[in-house]
Every structure is written in structure tokens, then in C-alpha cells.
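Residue numbers (the UniProt record's numbering), protein chains in the order written: chain S, 1 to 305; chain L, 1 to 305. Every residue gets a Cβ at the ideal spot worked out from N, C-alpha and C, and that includes glycine. Notes for the one structure printed next.
Number of protein chains: 2
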Amino acid sequence: MRYLQTFRLIEAVARAGSMRKAAEDMNLTASALNRRINGFEEEFGAELFERLPGGVRLNPAGELLLHHYRAMASDLERVQGQVADLTGERRGHVSIACSQALLPYFLPEQIAIYRAAHPGVTFSVNVRDRAQAEQELASYSSDLALVFEPIYLVDFEVIHAIPQTVDVVMRSDHPLASRDEIRLRDCLDYPHVAPTHRFGVRHLLDFAARRGSRQVSPVVETESFELIRHYVLHENALGFQIPIGLKIPNDGSLMFRPISERDVPPGNLILGQLRGRTLPVASARFAMQLATALKDYQLARESIV
Amino acid sequence: MRYLQTFRLIEAVARAGSMRKAAEDMNLTASALNRRINGFEEEFGAELFERLPGGVRLNPAGELLLHHYRAMASDLERVQGQVADLTGERRGHVSIACSQALLPYFLPEQIAIYRAAHPGVTFSVNVRDRAQAEQELASYSSDLALVFEPIYLVDFEVIHAIPQTVDVVMRSDHPLASRDEIRLRDCLDYPHVAPTHRFGVRHLLDFAARRGSRQVSPVVETESFELIRHYVLHENALGFQIPIGLKIPNDGSLMFRPISERDVPPGNLILGQLRGRTLPVASARFAMQLATALKDYQLARESIV
DNA sequence: CGGCCTGTTGCATTTTTTGCACCGCGTTGG
DNA sequence: CCAACGCGGTGCAAAAAATGCAACAGGCCG
């Protein structure tokens, strides 16, 4: 939409922190950009940027306007999707911010199912930790968030939630593999590999360990759950992950078991969106599919247990 | 905002039903307008109008887009209001759709109170019946609605409600003036003046009369409550009105008494807005003031009775 | 059929936007 | 301490976009 160009320029300036840099990014002369910004500010009735020596920065008015623009642009996309629906074929784009655990099995399968029914719909999958995911929603960068143990913010609206235990991942020949019930203290006695504090799994572990006057002291600390899963095969250490990100490999080399709920209570895997926002049709439908799939997943697990 | 001009043109075309008429309204040539519309349709990816012989009409896609525009324009105004707040002085505009009963006393007083505190805020007061008022909200033509007995629609969100009896308005020398309790059947035996069916008062009267196998048969039927109040002075007939629109005149010529609640149950005077909409600051604050004033008004009446 | 209204298009004109060169200013670094 | 650098802002001419005017094609009505 050409008429939104000014807003895109404002956004670029805000991002670059400098008119000249933004001008280069947007393939424009600094002077042209400068005049558009000044012109808009005059028309709008207020300055949008603080002019600092060395660049510019959004002032509160600019923040407000930029937020309005993002909300509006997102709503326009929704309308375009609805119109595309009207004309027959289903097009659109779904952007989702999610935790790492969803990457190996759950999300790829769900996206494939959706795209089989609606080939015109494209996807963006952004891997974000629980704090980033909600900012992602607030800035309209993602339509949906599927996150383990998010830090609840006011703007976060829960669509669906399922509990997830924290599981121990280990080699089949690990001493703990034969235990009926795995206690946290047993895990901490063996070498273990854990995610960093940014992740919900670690948060639950730390909390539970402190309660038992113990401490999580990983031999390897990482931001990658994929690394955790592979590392335990080498050192025969323990890893931690939520079950939705786990699947017993065919060769039986790896196995996983929940930590006793007496020690570590289950966390929540939560599907959410920005509060009060009307999602584009494609995203709204995908959200419904995810909610159903999560529900089915939970029912299946309960019936096994 | 100059960049919204295309949308304003689209709205004008939709309103006029013809590009040439709209072009005249907007001080443009038909050719220029035509090209802007066609250009936008191409950019948008869908036609907005059905081309009929004799003019154009919005198609569903156009309806959707126009609704998006109105919502967006209203949100932009909200942002401008917030920015004005930021820079110190409170500016803004409040538009309210209301029933006639609010015109003589309640609304003028409330607006004056608000403007005394915030001289920068201007007002639009649109008199609408209970059906129109909600369409007024849905098209973003009014921020607030204050209506007696509205027909609830899905898009209507109640901010505050107070009950209002249906009162009889009469001259002090009317035979019913001395009665302790006024029954509906007594009223219907005397010549009476009533509003048309569009109004909540009449709706309640009709309903109550049917229940008693009677019928409202006014000697004068009108859309103006002001006329009702003045007419009863001449013929010495009975009029009907809700108490918030009534005040005993100094000369004591006119008086009013509620109809027994056994016959006509009280209706609701309801302050509402469009569901889910974030109101501009000025409107939101005025709504809060109105809600408080309505509450106080109700408390004051209850303490008298 | 002819008048009348509709949306649409080619072309000249006007208005707006852009690019280039330059200014003034504050920070930075030799 | 002064020169170099990067910043936002401005005057002016060129480029681009929007507009007005006139004319065209097509449906409707008397």
C-alpha cells in the first residue's frame, strides 16, 4: 500500500536511529526523507522524534503513533485476507513466535496439515524465549505465540493452555533409566545439561531446586535444546525438556521420563495472542487448529498414563 | 491527514452512489477521482465498487475496507488526543448520540461541567432514536450513545445503566393531579399525547396497554417530546416522558408523576459505546463523568422516594 | 432515434516529490 | 585546539505524480 509509505519511513527512521541511515535503507535521499518526516510532523501536529546530536529517537508521541500504525497495518492485512476469502481462494500469512520445544515435531506437523488444506497460506516461524514472545505480539511482529511458561503480561491473551511436565532426557543405559519415579535430587546428583535461565524449563528447575535447598549446576549450559538432546548421548548425562519436544528414537538409544510432580510441578504450554486484537482469518483458523491439536495431544497423553 | 484522502474519496463515492457526484462534492474532476479509485483498487487487489449502469455501489470488499478505514480514522483521532494530552493541554472532540429526553437538562449541564474543566474539548450532540443510535456507533459517527431502552445489538457495550419510570406529564389542574397513585388505565381514559412507536416510552406504554387489553390512542402523536410538554398546557391532556427530561416549572403550571410500576415497569436509560473500541481520551473521560452523574442522579431520586 | 447520465481515457498543465549541493552545528580524535 | 566527520535542515532545479479539460463508449428513457 503506497499510501502507508510515510509510516514505513517513520518506522525505518525509528529503527535506524538516524535519518541518513534510514534513507539509505529505504532507497531515498536524506533530504527527501527529512522533508517527509518534517511534513508529516507538521500535519500531525506534534514532533515524533527527539533530535539528538548524532541522530534521532522516537519520543512518546512517536511511540504512540508507531503503535497505531502497526495495529492499523495488521488490521489492513486482516481485511485483505477477508477480501481474498470473498473472491474464493484462501490466501494469507501466519506468523507465530514459539518456544524451541515446538520445532522438532509439533509445529512442522501442524503447519503441514494446515498447508495441505490451504496451499495459499504461508508461514513465518520465529523462535523466541518466553520474554521475547510477548513483545513480539505487542509489536505486531507475530500473530500468535506458543510458549512454555510465558511471563504473563497485561497484553497477553490466552487462547489455549496445556500442562507439560519437565522430563529428564537420558541414554537408555543411564542408572536412572530403570527407576519407577525420578526425583529431582537424584537428577542433580548426576552430571546434567540444562538450558539457560531465559527458559521456562530452567526456571521451574531452579525454583524446585531452591525449595529443596539444592542447586542446578549443569556441566553444560546452553540455549539449544537440540544440543541438550544430542549431548546426553555422548557424556551419558541428564538433559531436561518438555515432552511435546521429545520422541523416542527408533534405535532406542534415548529415553525420557517425567520428574516426580512432588518435586517439579508441571508448567503450562500456552497458545496466546495480543489482547483484544482481531487476527487475520488465516491466523485465527490456524490458532483454532492448534488449540484442537493441543487438546487432542493432552487427551492422548492422559489416556496413556 | 492528507494521506487518508483516498479513503475519504472512497467514502464520498459510496455515499453519493456516483463518481461524478462525489467528485463534485469533493471539489475534484470526475476523471481525477476515477483514476484514484481505479488506482487504489488495483493496488488493493480487488474492486471496491460494483459498476452499475447509472452509478456505482460498494461491493462486500468495499464495505469491509470502509469499515476498516472508519475504525482506523477513529483510532488515529484517539492517538492525536493522547498526544495532545502529552503536550499538556487537553484537546479533543466528543460525539454523542442521545435520546431527546437528555436534551433539556441533563446533557447541557454535563457538557458545561466538562467544558468548564477542559475548554479545549468540543462536542457534537446527535439526537437519534434507539435504533439509529447503535448504527451511529457502528459507523464510528458517534463515540457514545445515551439512549432510553435501546434495542440491544451485538456491537453495543453498556457502560452504565439506570432505571427510569415512565411519567405522566399534566397540568396541575388535571383530574389525575391529586391522585396518590396513577394507573395506566386512568391515563388511557383521558385524552393523551404520545410519542411515535420509534421511541422507548411508547414501546413500554404499548406493551403495558396490550397486557391490560387496552390500547394507546393518542389525540396527538409526535416525534417531539418538547411538543408533548407544551401541548398538555393547551388541551389539558396527558403526556408521557421519562423523569430525566422533566423539571417542575417555577409557575407550577406543569407537574409529572410516575405511572404505577404495577402497570408499566421502568425502562433503562443506557450509556454505551461500540463493543471493543478504545475511545478517544476526551470521550472516555466524558463517559466516566456521565456514568458518575447518572449514578448520583439515581441515588438522589431514590433518597427522595 | 436523440438527449442524458454513467464510467473511462489521451493529453497538456499544475502540483508535489525527489536529488543534489550546501549550510550550521555538535561530537570526536589526532 | 582545530580539522574531520556525521548529523539534521534548506534552496533550487529536475523528475514524478496528480489533476483538469475534452472527448469517447455504453446503458437508459422518452
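Taking Cβ-Cβ distances shorter than 9 Å, what residues in chain L pair up with residue i?
i, result
"P265/S", "The premise fails here: P265/S is roughly 35 Å from chain L at the closest Cβ pair, so nothing lies under 9 Å."
"A46/S", "Q80, V83, A84, L86 and T87"
"A61/S", "V79, Q82, V83, L86 and T87"
Could you give the distance in angstroms between the alpha-carbon of residue i and the alpha-carbon of residue j?
i, j, result
"N34/S", "S74/S", "26 Å"
"V127/S", "S99/S", "6 Å"
"E41/L", "L52/S", "41 Å"
"S124/S", "G81/S", "16 Å"
"D189/L", "A177/L", "14 Å"
"S253/S", "I111/S", "29 Å"
"H68/S", "V79/L", "7 Å"
"I113/L", "H93/L", "15 Å"
"G62/L", "A14/L", "9 Å"
"A133/S", "T165/L", "53 Å"
"S142/L", "G272/L", "11 Å"
"V121/S", "P175/S", "48 Å"
"F256/S", "G245/S", "11 Å"
"R171/L", "I96/L", "33 Å"
"G54/S", "L64/S", "23 Å"
"R2/L", "G45/S", "13 Å"
"R275/L", "E24/S", "43 Å"
"F240/S", "V193/S", "7 Å"
"E47/L", "L290/S", "34 Å"
"I228/L", "N268/L", "21 Å"
"V169/S", "R301/S", "18 Å"
"V154/S", "E221/L", "53 Å"
"D129/L", "I162/L", "18 Å"
Let's test the definition: count the other Cβ atoms within 10 Å of the Cβ of residue i and tell me whether it reaches 16, buried, or not, exposed.
i, result
"Y140/L", "buried"
"A101/S", "buried"
"A131/L", "exposed"
"P195/L", "buried"
"H234/S", "exposed"
"D180/S", "exposed"
"residue 321/S", "This structure gives no information on residue 321/S, because the portion of chain S shown stretches from 1 to 305."
"I37/L", "buried"
"H230/L", "exposed"
"F207/L", "exposed"
"L299/L", "exposed"
"T292/S", "exposed"
"R91/L", "buried"
"I304/L", "exposed"
"T87/S", "exposed"
"T6/L", "buried"
"G200/S", "buried"
"I242/S", "buried"
At 8 Å on the CB atoms, spell out the chain S contacts of residue i, in chain order.
i, result
"L65/L", "V79 and V83"
Quick check on this structure: which residue in the options has the alpha carbon closest to the alpha carbon of residue i?
i, options, result
"F156/L", "L146/L, A291/L, D173/L and I162/L", "L146/L"
"V216/S", "E223/S, F225/S, H197/S and A133/S", "H197/S"
"N59/L", "E11/L, T87/L, T122/L and K21/L", "E11/L"
"H203/S", "P265/S, A22/S, P175/S and L107/S", "P265/S"
"E43/L", "F148/S, V56/S and L4/S", "L4/S"
"P258/S", "D167/S, E50/S, L107/S and Q110/S", "D167/S"
"N27/S", "R8/S, T122/S and D296/S", "R8/S"
"R214/L", "R183/L, P243/L and E226/L", "R183/L"
"I151/S", "I270/S, V193/S, L227/S and A284/S", "I270/S"
"D251/L", "D173/L, G267/L and R301/L", "D173/L"
"L107/L", "R262/L, V158/L, E77/L and Y297/L", "Y297/L"
"L294/L", "R2/L, Y105/L, A46/L and Q241/L", "Y105/L"
"N236/S", "R115/S, C187/S, F199/S and N268/S", "C187/S"
"A287/S", "I159/S, R211/S and L64/S", "I159/S"
"L205/S", "E261/S, E50/S, P249/S and V232/S", "E261/S"
"P191/L", "A284/L, V219/L and V154/L", "V219/L"
"L279/L", "A138/L, V232/L and E226/L", "A138/L"
"residue 314/S", "I248/S, S18/S, V201/S and D263/S", "The requested residue 314/S does not occur in the structure, where chain S is confined to residues 1 to 305."
Taking residue i as the query, report the chain S residues whose CB atoms sit under 7 Å from its CB, ordered along the chain.
i, result
"R2/L", "E43"
"H68/L", "D75, L76 and V79"
For the ligand ATP, any of its heavy atoms closer than 8 Å to the Cβ of residue i?
i, result
"D189/L", "This structure does not include the ligand ATP; it has no bound ligands of any sort."
Inset, instruction - Determine which residues of the segment 72-86 of chain L have a Cβ less than 9 Å from any Cβ of chain S, and write them out in chain order. - result: M72, D75, L76, R78, V79, Q80, Q82, V83, A84 and L86
Inset, instruction - Check distances from the C-beta atoms of the segment 181-212 of chain L to those of chain S and list, in chain order, the residues that come in under 9 Å. - result: none
Legend entry - Short-range partners of chain L found in the segment 4-27 of chain S, where Cβ spacing is below 9 Å: L4, Q5, T6 and F7
Inset, instruction - Please list the residues of the segment 271-296 of chain S that have a C-beta atom closer than 7 Å to any C-beta atom in chain L, keeping them in chain order. - result: G276
Inset, instruction - Give, in chain order, every residue of the segment 125-142 of chain L whose Cβ lies closer than 7 Å to some Cβ of chain S. - result: none
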